[in-house]
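The structure appears below as structure tokens.
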Amino acid sequence: MKILLPSFIGLLIRVGQLCAQDVLIVADEIPAMEVLARRMQQREGLTSKIVTQTNLPATLANFRAVIVYIHQDLDSIPEKAFVSYTQKGGKLLCLHHSISSAKRKNKLWFSFLGIDLPKKDASEGGYQYVGDVDMAVVNLAPQHFITTHKITYPELIAYTQEGEPKGKPVPGFVLSKTEGFLNHQFLSPRTRLLGFKFTDASGQVWMQDRSAWCMPVGKGWLFYSQPGHAVSDFDNPIYTQLIANAILFTP
11 MKILLPSFIG LLIRVGQLCA QDVLIVADEI PAMEVLARRM QQREGLTSKI
61 VTQTNLPATL ANFRAVIVYI HQDLDSIPEK AFVSYTQKGG KLLCLHHSIS
111 SAKRKNKLWF SFLGIDLPKK DASEGGYQYV GDVDMAVVNL APQHFITTHK
161 ITYPELIAYT QEGEPKGKPV PGFVLSKTEG FLNHQFLSPR TRLLGFKFTD
211 ASGQVWMQDR SAWCMPVGKG WLFYSQPGHA VSDFDNPIYT QLIANAILFT
261 P
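One gets my numbering by counting positions in the sequence shown from 1 and adding 10 to each.
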């Protein structure tokens, strides 16, 4: 016993260290997530473990939140793991291209998210990505914890919400040289948190109330935020605070 006890204690310590992270980040573009992890720890003390989807832990249940930042194909095993984790009470945060045309072939993903990406021209409501834009992000939920905790918006941005006859100045901030997604179609109710506004190469101005949202799923909670194409997006203190707030948020 005297010989085994120190080894057993050491094993417990190592297991504790492996499970100590608050957040699991599953990504296929690592540098951007390294920036996000560093900023969340600096701002809120949240610790993160970054893995690829082929290297998931045996269970996700030990993590306070799981962030998905997968640009390419989403494999079926992690897809099922993310859905199960959320439905059983986890908090899943999907960023940027975690909703993209590459995920259309997944069996569970879009129905789980309550999303469709229509295949038609953007002018007719079809999905389209637009690159190299300066994107204004506006606060559509001024009473919500995620959009307000430790956040001061530096600008008032002229913005017209969907379904409204005229616009008004809305608090927001700007992300430079990034990418926007048009016409994410919602198939189920959710809380719309942020909207976006940008001008495409043809000069057309796009405004949609779909930059960030959250909703309950099963026993858990799902959060999506559209910005994140550029590494510099995650260097923006407002944007990283928004993501940290989604982790801290208690519904």
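The beta carbon of each residue, even a glycine, is placed where N, CA and C say it ideally should be.
Item: Between GLN31 and GLY55, what straight-line distance do the alpha-carbon atoms span, to the nearest angstrom?; Value: 10 Å
Item: Between ALA71, VAL140, ILE125 and LEU70, which has its C-alpha nearest ASP131's C-alpha?; Value: VAL140
Item: Suppose only complete runs of 4+ residues qualify. What are the alpha helix (DSSP H) ranges in the region 42-122, listed by chain order?; Value: 86-97
Item: Does the separation of the CB atoms of GLN52 and ASP85 fall below 8 Å?; Value: no
Item: Measuring only the C-alpha atoms, how far is ILE257 from ASP243?; Value: 18 Å
Item: Which stretch, first to last residue, makes up the beta strand (DSSP E) that contains PRO226?; Value: 215-227
Item: CB-CB under 7 Å to LEU21, same chain, minus the five flanking residues each way: which ones, in chain order?; Value: Confidence at LEU21 is low in this model, with a pLDDT of 40, below 50, so its placement is unreliable and no value can be given for it.
Item: Might you give, ordered along the chain, the residues of its own chain that have their beta carbon closer than 7 Å to the beta carbon of GLY99, omitting 5 neighbours on each side?; Value: LYS229 and GLY230
Item: What residues are listed by DSSP as bridge partners for GLN138?; Value: LEU192
Item: How far does the beta strand (DSSP E) with ALA37 in it reach, from first residue to last?; Value: 33-37
Item: Name the residue from LEU127, GLN138, THR201 and GLN171 whose alpha carbon lies nearest to the alpha carbon of GLN153.; Value: THR201
Item: Exposed or buried, which one is LEU185 when buried takes at least 16 other CB atoms within 10 Å?; Value: buried
Item: How about LEU103 and ILE253: do their beta carbons lie closer than 8 Å?; Value: yes
Item: Tell me which same chain residues have a C-beta within less than 6 Å of the C-beta of ALA47, skipping the five on either side of it?; Value: SER58
Item: Would you report the Cα separation of THR158 and LEU166, rounded to the nearest angstrom?; Value: 15 Å
Item: LEU118 and ALA91: beta carbons closer than 8 Å?; Value: no
Item: At what residues does the beta strand (DSSP E) containing ILE167 begin and finish?; Value: 165-169
Item: Could you give the C-beta distance for ALA112 and ASP142, rounded to a whole number, given that I count them as a contact under 8 Å?; Value: Not really, about 20 Å apart at Cβ, beyond 8 Å.
Item: ILE266 and GLU44: beta carbons closer than 8 Å?; Value: Here the chain has residues from 11 to 261 only, and residue 266 is not among them.
Item: Apart from the five residues just before and just after SER221, which ones in its own chain have a Cβ nearer than 6 Å to its Cβ?; Value: VAL147, LEU204, GLY205, PHE206 and GLN236
Item: Cα-Cα, which of ALA71, ASN116 and HIS81 is closest to GLU89?; Value: ASN116
Item: So the alpha helix (DSSP H) THR262 belongs to, where does it begin and stop?; Value: There is simply no residue 262 to check, as the chain begins at 11 and stops at 261 in what is shown.
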